[in-house]
Amino acid sequence: MPAVSKGDGMRGLAVFISDIRNCKSKEAEIKRINKELANIRSKFKGDKALDGYSKKKYVCKLLFIFLLGHDIDFGHMEAVNLLSSNKYTEKQIGYLFISVLVNSNSELIRLINNAIKNDLSSRNPTFMCLALHCIANVGSREMAEAFAGEIPRILVAGDTMDSVKQSAALCLLRLYKASPDLVLMGEWTSRVVHLLNDQHMGVVTAAISLITCLSSKNPDEFKTCVSLAVSRLSRIVSSASTDLQDYTYYFVPAPWLSCKLLRLLQCYPPPEDGAVKGRLVECLETILNKAQEPPKSKKVQHSNAKNAILFEAISLIIHYDSEPNLLVRACNQLGQFLQHRETNLRYLALESMCTLASSEFSHEAVKTHIETVINALKTERDVSVRQRAADLLYAMCDRSNAKQIVAEMLSYLETADYSIREEMVLKVAILAEKYAVDYSWYVDTILNLIRIAGDYVSEEVWYRVIQIVINRDDVQGYAAKTVFEALQAPACHENMVKVGGYILGEFGNLIAGDPRSSPLVQFNLLHSKFHLCSVPTRALLLSAYIKFINLFPETKATIQEVLRSDSQIRNSDVELQQRAVEYLKLSSIASTDVLATVLEEMPPFPERESSILAKLKKKKGPGAVSVELEDGKERGDYLSHSNGSSTPSPSADLLGLRSTAPASGATPSAGSLLVDVFSEAGPSATSAGVNDDGFLRFVCKNNGVLFENQLLQIGIKSEYRQNLGRMYLFYGNKTSVQFVSFNTTVSCPGELQSHILQLEPLVEGGAQVQQVINIECLTDFIDAPLLNIKFRYGGALQNISLKLPVTINKFFQPTEMAAADFFQRWKQLSQPQQEAQKIFKASHGMDTEVLKAKLLGLGTALLENVDPNPENYVCAGVIQTKAQQVGCLLRLEPNAQAQMYRLTLRSSKDTVSQRVCDLLAEQF
Amino acid sequence: MIKAILIFNNHGKPRLSKFYEHYSEDTEQQIIRETFHLVSKRDENVCNFLEGGMLIGGSENKLIYRHYATLYFVFCVDSSESGLGILDLIQVFVETLDKCFENVCELDLIFHVDKVHNILAEMVMGGMVLETNMNEIITQVDAQNKMEKSEAGIAGAPARAVSAVKNMNLPEMPRNINIGDISIKVPNLPSFK
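Going down the list, the sequences are from chains H and L. In terms of the UniProt record's numbering, the first sequence opens at residue 1 and continues consecutively. In terms of the UniProt record's numbering, the second sequence opens at residue 1 and continues consecutively.
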């Protein structure tokens, strides 16, 4: 007998539905619906009281209309009235209407709550279930307030019917999710956990969802559920297919409950109790074994149910990540599924393997399936599956297979679905960078990426390739050559033009020797793309042009002609016009020297976390990016790296694009001409006392901002030869008022001699004056010269004392020597007082390139291939003083794990060893 | 957790929508349309899983669906649910409907929306699975029907009499029920994919 007998339904409803279905047009349908709505409204408002049947019929009609996507703004009151009916059918339709149509902030909640309260206390299980359903469906805070205390009691009471228990468990779960603060488990905890032992499987099924949620929030309180879950699971897994009767689904005992139990266990680490753990491992093994048994039915439902359990078991094994034996079995099982004819299984296998790839025990095992996965990427008909394959390739990539995987992903990109291209591009870019052994491969890959999927290459990707090229001089020539070739394609993507413009503007000189890529050819090639590009790209190209004028004076006339043309100098876009005007002026007014300074090559970008990775994380959610870059890098932003411009305009950045405002790391340089000259402006120092904060920053470099406060900025440039040094000090008046009685003096320790050229006593507002100091080193020294500056600003006397960054290492002459020489000299300097050693914690990142740059900045020669340990650095140099020369050897041993360094110096003079050691130890 | 259960036909007409999270009515309709768009363009014989549409949480959620004759059954679930488990659940749902309606077809869902909701309520509550045992579900539904009948016996009689009379005055009535749809009845279960 069918459970729903047809024909005894509501005739009026059937007629209405048929009418709607017979409507030929949307308009007719709306008309019919409006007519019905008017009818129902009049019936509800009418004087005659409607009987339950009519109310039910009209409410059903409203439900139907709502399903068709029309707003229902009345009938709620009638539905609430139905709730208090004694008739099941009427009550039920009332609850249905409310759970479909009432949202949590309805004003009716109080009335509804009243009805629910009555039904909950009715002791009629059907009514109780209806009420519990309604609470679970609406789940509002008011309901939680009203019932959060009552429901746990119903749940654990001995006389509650099973079906009510089930509903109560899920109802409580819903309230807990909506208002966790109102659901206090406390005293109920252990009784709820023990529902896992309930006779009735339906109760366990409902309760386990509740317990899983509560456990994930308060794992400690619900710890006891682990052993109960294991024993329940074990009973199910070992039961025969007929034991559980109705809960056996296509010959699989309780598949849903098994999955849920395995999920619950994933909230916890492996059980500590040996017996429990043994039992669980046994279960997992049984599940894995069953996968190999011949199926008990050919029906797909049978294999689905069996595999649902299997996949959950594998998830648990991966979650524990502690049983190598099980992990490898899991991996083999997934490997089988990769080739299964069921698409669903292939999909799920790829998905599970992704998590498996991150386990150290199974990473290698996963890698053996690379060919299958690549094949899936190429041949699967289903985009969902291809996407999982791409995810897995990304997860299994390491140094050994990066080239193959990146190549495959690139070739897939040509035909990839539009929906996943952007993500693929990010992944290729990340892998290419992370596993780049030689950077020419990296450049090739990214340029290919732009060629194949230019539209999907986000800004971050092409920023990144430029940063890397700028930071690595070994790849610059290659990059220029490659990008030049790529630009020769008749149609190339705008992103390629951007990269091309930037790289040729910086490094075009490296390929200018070849007549096929002479400066003019390069320029003409770039300019041929100009008119096809958007405004930001054109702006970038204009900057590249002015850089060309500096790199290749012979192109000056041609480029000036271009800049002078009406389409540039009168361009309707303000940015382009401004650039054209400024660059034209700059190129005609400035001397070659000035031009060379202003348009100097970009300094290396600071290394931070890759912004591409950040973008992928944002796109996929934090959990989705399993691959972390080993050496975190990020694009420096272009804007903060302006080399200085001759105009204080907002577009003072030479190669910046306005649309790419930096998110971080920008120096406070906006608009200030003075600051821009020294782009490395550090935090401003205070004027009180002698300031050596700036001093230590100059041990390994010669140029930068020495001091800055609200009034004054002091920049420094210095050069040293033998035992002589010359220092240029730039005093910038940051105010608009003149400084008067401006006077500077230098007091030197006896080991140094200095000569300072005196300045005019007036420094105009906004002006900058330059002062030269000559220094001679007589013998080795410790104390630095002191610079004292006095001036009056608006009547107030300002007095600033600074240590001038003249340190003993400035007089180093680098000495190249072979390994044998080095060790011989090292041994010669073996007396204890000749050596100085310090062990200290790293206070900055331990990036190789940064370390090298600092050691070179120290003034010594960095000796490659001398230390047997490639992680270590050794340097050699001779300190030149008037009295004597002091040979000096250095060894720096970084320990990346401990974030520590050991620094050893040996020299022929003990004071020198000690001083250099002290100075250098502050630098890392 | 199950975020939503949607049933629509091959043309995207919704036949049942049940959301376990609150969305505005407009958004609900948009989600149905978006889901239909995502699901209907897929070939037969591809897998039953895909990432959720933007409106319902994007790749955080999965759409798990089955296509039976003229109807799509789509469950939108988060990552805490087992994909194959949900596929089984859809199958249980459909088999249950089939038992309750004796060879369920699209028309049954249209004319008995309330019944379908009631059956679903016996399986899923607040987005969590309440019961997976088909016999248990059917027992509950049967019990409800009995109560309905007994009530109809007293109060429903006049109404039925009235409608019977009305029916006599409406000889064209049967034609109004779109009989054409009956040909798309799901024949029987084994042919289900």
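All C-beta atoms in this analysis are idealised placements derived from N, C-alpha and C, irrespective of residue type, glycine included.
Take the alpha-carbon of L:Ala-121 and the one of H:Glu-78: they are about 22 Å apart. Taking a contact as a CB-CB distance under 8 Å, the pair H:Asn-448 and H:Leu-410 counts as one, their CB atoms being some 6 Å apart. H:Cys-134 sits away from H:Ile-93, with the two beta carbons spaced by 8 Å or more.
Nearest Cα to L:Ile-7 within the set H:Gln-813, H:Leu-786 and H:Leu-67: H:Leu-67. Burial state of H:Leu-532 is exposed, judged by a 10 Å Cβ sphere holding fewer than 16 other Cβ atoms. Cβ neighbours of H:Glu-751 within its own chain (closer than 6 Å, five residues either side excluded): Leu-778, Thr-779 and Phe-781. Leaving aside the five residues that flank H:Tyr-793 on each side, the residues in its chain whose CB is nearer than 6 Å to its CB run, in chain order, Leu-711 and Phe-739. For L:Val-124, the closest alpha carbon among the candidates H:Cys-259, H:Val-237 and H:Ala-169 is that of H:Ala-169.
For L:Met-123, there is no enclosing beta strand (DSSP E); the enclosing alpha helix (DSSP H) has its first and last residue at 113-123.
Counting of Cβ neighbours within 10 angstroms places H:Gly-186 among the exposed residues, the total staying below 16. With respect to chain H, the C-beta atom of L:Asn-45 has a partner C-beta closer than 8 Å.
Any Cβ of chain L closer than 8 Å to the Cβ of H:Ser-587 would place that residue at the interface, and such an atom is absent. For the options H:Val-769, H:Ile-236, H:Gln-771 and H:Ser-801, the alpha carbon positioned closest to that of H:Ala-784 is the one of H:Ser-801.
Taking a beta-carbon distance threshold of 8 Å, L:Ser-40 does not count as an interface residue toward chain H.
Among the CB atoms of chain H, none fall inside 8 Å of the CB of L:His-67. Going by beta carbons, H:Val-192 and H:Leu-210 fall inside the 8 Å limit.
Annotated as distal: H:Ala-580 and H:Phe-552, with beta-carbon spacing of 8 Å or more. Nearest in C-alpha terms to L:Leu-38, of all of L:Val-94, L:His-117 and L:Lys-62, is L:Lys-62.
It is roughly 12 Å from the alpha-carbon of L:Ala-143 to the alpha-carbon of L:Asn-135.
Here H:Ile-612 is buried, its C-beta having at least 16 other C-beta atoms within 10 Å.
Scanning chain L for C-beta atoms nearer than 9 Å to the C-beta of H:Asp-246 yields Asn-133, Met-134, Asn-135 and Glu-136, reported in chain order. When the Cα atoms are used, H:Phe-222 and H:Pro-152 turn out to be separated by approximately 16 Å.
Closer than 7 Å at the C-beta level to chain H, one finds these residues of the segment 4-21 of chain L: Pro-14 and Ser-17. Burial state of H:Leu-37 is buried, judged by a 10 Å Cβ sphere holding 16 or more other Cβ atoms.
Inclusion of H:Leu-889 and H:Leu-829 in the CB contact set at 8 Å is warranted, their separation being smaller than that value. At the C-beta level, H:Glu-922 and H:Leu-696 come within 8 Å of one another. Those residues of the segment 304-317 of chain H placed with their C-beta closer than 8 Å to a C-beta in chain L are Asn-304, Ala-305, Asn-307, Ala-308, Phe-311 and Glu-312, ordered along the chain. A contact is defined here as three or more CB-CB pairs under 8 Å, and the segment 534-550 of chain H meets this definition with respect to the segment 576-592 of chain H. For H:Tyr-728, the enclosing beta strand (DSSP E) has its first and last residue at 724-733. The Cβ-Cβ distance between H:Ile-317 and H:Ala-330 falls below 8 Å. DSSP places L:Leu-71 outside any alpha helix (DSSP H); the residue lies instead in the beta strand (DSSP E), whose first and last residues are 71-77. In this model, H:Val-461 and H:Ala-429 are separated by some 7 Å (Cα to Cα). Taking C-beta separations shorter than 8 Å and ignoring five residues to either side along the sequence, the partners of H:Ile-33 in its chain run Ile-20, Ile-65, Leu-68 and His-70, following chain order. Below the 8 Å Cβ cutoff, chain L contributes Arg-42, Asp-43, Val-46 and Cys-47 as neighbours of H:Asp-382, in chain order.
In terms of beta-carbon proximity, L:Asn-61 stays away from the interface with chain H, with every pair separated by 8 Å or more. Assigned with DSSP and collapsed to three states, H:Lys-87 falls in coil, not helix or strand.
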